[in-house]
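**Q** Chains as they are written, first to last, in the working numbering: chain L, 220 to 529; chain G, 18 to 733.
Ideal placement from N, C-alpha and C gives every residue a C-beta, glycine not left out.
If you're wondering where the values come from, they're calculated on a predicted model, not measured in any experiment.
Okay, handing you the structure first.
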């Protein structure tokens, strides 16, 4: 009994879950009657009584057939789910206060019908045809942080709705939910400087339709016969430091503000560094840097540090 | 709710985009299911149910089109109230069987008004299944069973859509799987599960009494010749009686009131004669009155349902398969009326009973004194002429009927006077079997010879497979007289119309406009048309097999089959034991090997079948083929580049390989829709095949060239 006490209290059914990404094994597949299934049983009893009391062979036959159909349904429902390989595709980015679109992909050789994947209260329905089926779970993400995607359940009431074939799918997927960016007005703190032109000559490149005539390297053309256009670059600027301590309000608000700043600077193509209570990110630029910064914001635990408290 | 989709878009899913409301297509499917179920009942139920179905569906359609509001509670209650009132008007009460069925059907049809989501739709289907079962209370014939199968299939298909089918092919395919998988189990359950006796009494559908009645006045039986309703069927084990011997006794009529003959039931007889009832009727499997004579005929009767418990028997019944009531007059009665067709195994003597009736011979001489004076005078005269010899007297009576102007006719003139026998013998002189039998019995009694009328059937149609069908128009009446310590059959019809005895009522030529007059479309009217008659006989044979094999599979029939089954199993077990342990083990191993081989073969076939259209697999196979011929795939080389490289080397297969490379690239990278992809895959396959062929041809040519070159070299 001790194992039960140890294993059962919290989410005992986790133990019954099969790993995500592997073909669904037979021992992790459960068949539960639905309400209509119970009604079906009552129907059979009713027809049996009718058949017995009227000594009617064909009513007997109908009752037997409904029973046999129920048995066949067990087999078909079990086969519909057996061996399905389910995988999860996390969205590239998710902000708090929005919704994350989790892609659910099921693969199997045989076609499958009316699969339903549930994650908390959200559900996605899809079929598997030609070896592959795809659905989308739209899960709300109310708060910032690292969200462990809960155990998924895969179920189906195919073919008659008498039983529910059910399997839980355990996995280790985590979704990093970035803070909700603050509105544009509050984020803009002027240190972006004046608008800058691209003025440093950076070389020649093959001309493309749409290049302005001023940019075309006419001299090169006269000399070589190849039309090229001059390319310029903006001069490198001093990196901007985004500091947690510069913000105001509660920690979440500060993080939201930082998030909006990160997005704005990235959009403007500027270098920025990030200074958080528990982490400092050296100035950088580009998509990878943006991700690193936003991930840092998502994972930031300001409460852990004494100085972070306002 | 969005606008209803057109009902014919059968590929539409069951629910609307909101995930709850039923789509118009689903409602259409439910309605079709209702129509199918209703069609099962319509032959027995009032026709206005079809109107109810159409009105409800029309309302629902308008509601989907937003032309009408949802049916409110008031409207639904009013509809149910109207239904109850209509049924009350039709049947007079709701307790009757038909009214209850009508209530079920009405609720089933009206339920469509408040069917809005999946759950409601499933309830509709479930009620439909009950209504399908209830349809078998009307009858259990083969056509009804087939129609019910169609309805069941449709209901299953509806459930498929409700649980998420997206295409018709998928829904029907799954229905096929389910039916195929469940049918063997259903058959096994049907054969094995024991049948319980009724648990409680249920309301009954009243059945009109057809066929014979237990009182005969002259002219009654001629009425029966107008009908082709089936009375019963019989199948003989061993020899079947010749046509002239097929006298099926049903009732003996011993009381004559001057006009008609009527049956005196055992309880009436016991009350009148103040004797115990057990003197007149005994229940059991064997007759208590007949001696130990060996029975001449052994047969199974398939009886039609009737409101009275009569059972026919060929001559005197001796033994029955199930307990029956054996009457002292040598007839048989069931313990209760039949509510559906039933089987009865019977053995009988084929002759009139050889034992005396406990009522005594006086009972069979009783006649009202003041009727039929002219007949009485005739009887006295004939009795004198035959010198008081009963045999000669009866011969004289029959001989008199055999002469003109007595006629045997299917449409005899109506007799209405108080002296019916006088009228018949001296005025009309035309009649059917009951007229002659009645007159003969009256004249026998007038001469003091104990006599009674027997009502039953004579003849029956013999089917090619050997069973007999006896119909209402085979009804017959004849006489039994007590002579020499036994009852003797005396059939005056044999004297006047021997063709009736040998060939049946259809052979009687006079008054034949009355024959089958009530069945204008009866297939029996077209007996002369060969192929039509053949089809009719074939259908009747099928129907008989259905009745005997399926509908009457219970009780004794089931026990017999189960006994055979257990016996077969036991024999198998004995045979295995007799083989000895080593051989049994060997057999088991062989069986296991066979099963494993079958499974392997099946898997291989499956793999081949599924991989048949798998292009990557084919491609890999072709690459391996090239590799075996010295052109393996280099690391980092794309399949198309591989083909092109080989194409440069091998001129013969070059064009085909180039084409293959190009198609492959198209197939892999071009944005094609499904049909174009299929087409590209087909072309790729063709190109690969061509490349292989060209390659082989070229190689062969090279070999041939090399050989010719070498021969030239050797013999310059």
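Of the residues 263/G, 248/G, 673/G, 49/G, which one's Cα is nearest the Cα of residue 710/G?
**A** Checked all of 263/G, 248/G, 673/G, 49/G; the closest Cα to residue 710/G is 673/G.
**Q** Count the other C-beta atoms from every protein chain shown that fall within 10 angstroms of the C-beta of residue 463/G, then say buried if there are 16 or more, exposed otherwise.
**A** Buried.
**Q** Please classify residue 654/G: is it buried, with 16 or more other beta-carbons within 10 angstroms of its beta-carbon, or exposed?
**A** Exposed, by the Cβ-count rule.
**Q** Given that a residue counts as buried once 16 or more other Cβ atoms are within 10 Å of its Cβ, and exposed if not, what is residue 357/L?
**A** Result: exposed.
**Q** Please work out which residues of its chain come closer than 7 Å, Cβ to Cβ, to residue 276/G, disregarding the five sequence neighbours upstream and downstream, and give them in chain order.
**A** Result list for residue 276/G: 234, 437, in chain order.
**Q** Which residues, in order along the stretch 170-194 of chain G, keep a beta-carbon less than 8 Å from a beta-carbon of chain L?
**A** Those would be 173, 176, 177, 179, 180, 181, 182, 183, 187, 191, 194, in chain order.
**Q** The beta strand (DSSP E) spanning residue 345/L covers which residue range?
**A** Residues 341-347.
**Q** Mind checking if residue 290/L is an interface residue toward chain G, Cβ cutoff 8 Å exclusive?
**A** Residue 290/L counts as touching chain G.
**Q** Entirely within the stretch 349-406 of chain L and at least 4 residues each: give me those alpha helix (DSSP H) ranges in chain order.
**A** With a minimum length of 4 residues, the continuous alpha helix (DSSP H) runs that stay inside the stretch 349-406 of chain L are 403-406.
**Q** Short check: CB of residue 377/L to CB of residue 236/L, under 8 Å?
**A** Their beta carbons are not under 8 Å apart, which means residue 377/L does not touch residue 236/L by this criterion.
**Q** At what residue ranges does the stretch 380-434 of chain G contain a whole run of the alpha helix (DSSP H), taking only runs of 4 or more?
**A** Taking only runs of at least 4 residues, the alpha helix (DSSP H) segments lying wholly in the stretch 380-434 of chain G are 390-402, 407-419.
**Q** So residue 468/G and residue 497/G are in contact, right, with Cβ under 8 Å, and what is the actual spacing, rounded?
**A** About 7 Å; that satisfies the 8 Å criterion.
**Q** Where residue 596/G and residue 611/G are concerned, what is the direct C-alpha to C-alpha distance, given to the nearest angstrom?
**A** Cα to Cα, the separation comes out at about 20 Å.
**Q** For a test of your reading of the model: does the CB of residue 632/G fall under 7 Å from any non-hydrogen atom of the ligand NAP? Yes or no.
**A** Ligands displayed in this structure: none; no statement on the ligand NAP is therefore possible.
**Q** In chain order, what residues of the same chain have a beta carbon less than 8 Å from the beta carbon of residue 413/L, not counting five sequence neighbours either side?
**A** Interpretation of residue 413/L is limited by its pLDDT of 44, a score under 50 that renders its predicted location unreliable; the figure taken from the coordinates is listed afterwards. Result list for residue 413/L: empty, nothing under 8 Å.
**Q** Of the residues 189/G, 569/G, 347/G, which one's Cα is nearest the Cα of residue 306/G?
**A** Ranking 189/G, 569/G, 347/G by Cα distance to residue 306/G puts 347/G first.
**Q** Which first and last residues belong to the beta strand (DSSP E) in which residue 462/L is found?
**A** First-last of the beta strand (DSSP E) with residue 462/L: 459-462.
**Q** What are the residues in the stretch 272-286 of chain L lying within 9 Å of chain G by C-beta distance?
**A** The stretch 272-286 of chain L vs chain G, Cβ under 9 Å: 272, 273, 274, 275, 276, 277, 278, 279, 280, 281, 282, 283, 284, 285, 286.
**Q** Shortest alpha-carbon distance to residue 278/G belongs to which of 231/G, 124/G, 261/G?
**A** Checked all of 231/G, 124/G, 261/G; the closest Cα to residue 278/G is 231/G.
**Q** Using only alpha-carbon positions, find the residue among 438/L, 484/L, 470/L, 435/L that is nearest to residue 459/L.
**A** When only C-alpha atoms are compared, the closest one is 484/L.
**Q** Where DSSP assigns a beta bridge to residue 324/L, which residues make up the other side?
**A** Partner(s): 306/L, 353/L.
**Q** For residue 255/L, go through chain G and note every residue whose CB falls closer than 7 Å to its CB, in chain order.
**A** Those are 139, listed as they occur along chain G.
**Q** Closest Cβ-Cβ distance between residue 341/G and chain L: below 8 Å?
**A** Not closer than 8 Å to any Cβ of chain L, the Cβ of residue 341/G fails to qualify, so no.
**Q** By DSSP's criteria, residue 272/G is part of a beta bridge. Which residues make up the other side?
**A** For residue 272/G, which the question treats as bridged, DSSP gives the partners 279/G.
**Q** Whether or not the stretch 63-70 of chain G and the stretch 203-218 of chain G are in contact is what I'm after, with contact meaning three or more pairs of Cβ atoms, one per stretch, closer than 8 Å; do they touch?
**A** These segments do not touch.
**Q** For residue 506/L, tell me which candidate among 497/L, 486/L, 493/L, 427/L has the shortest Cα-Cα distance.
**A** When each option's Cα is compared against that of residue 506/L, the closest is 486/L.
**Q** Buried or exposed for residue 128/G, please, with buried defined as at least 16 other CB atoms from any protein chain shown within 10 angstroms of its CB.
**A** Buried, because 16 or more other Cβ atoms sit within 10 Å of the Cβ of residue 128/G.
**Q** Here's a check: name, in chain order, each residue in its chain whose Cβ is nearer than 8 Å to the Cβ of residue 287/G, leaving out the five neighbours to either side.
**A** Excluding positions up to five away in sequence, the list reads 293, 294, 296, 297.
**Q** Cα separation between residue 280/G and residue 268/G?
**A** Distance between the alpha carbons of residue 280/G and residue 268/G is about 7 Å.
**Q** At a CB distance below 7 Å, what residues from the stretch 369-396 of chain L approach chain G? Give them in sequence order.
**A** Of all residues in the stretch 369-396 of chain L, 376, 377, 378, 379, 380 have a Cβ within less than 7 Å of some Cβ in chain G.
**Q** For chain C, check one thing: does any of its Cβ atoms lie closer than 8 Å to the Cβ of residue 217/G?
**A** Chain labels in this structure do not include chain C; the protein chains are L and G.
**Q** With a threshold of 8 Å, are at least 3 pairs of Cβ atoms found where one atom belongs to the stretch 346-365 of chain G and the other to the stretch 304-322 of chain G?
**A** Touching, per the Cβ criterion.
**Q** Taking only beta-carbon atoms, is residue 308/G less than 8 Å away from chain L?
**A** So, not an interface residue.
**Q** Are the Cβ atoms of residue 247/G and residue 488/G separated by less than 8 Å?
**A** Yes. Within cutoff.
**Q** Who are the neighbours of residue 143/G on chain L, taking C-beta pairs under 7 Å?
**A** Simply 258, 262.
**Q** In angstroms with no decimal places, state the Cα-to-Cα distance between residue 404/L and residue 502/L.
**A** At residue 404/L, the pLDDT of 47 sits below 50, so the modelled position is not reliable; the number obtained from the coordinates is stated separately. Cα to Cα, residue 404/L sits roughly 24 Å from residue 502/L.
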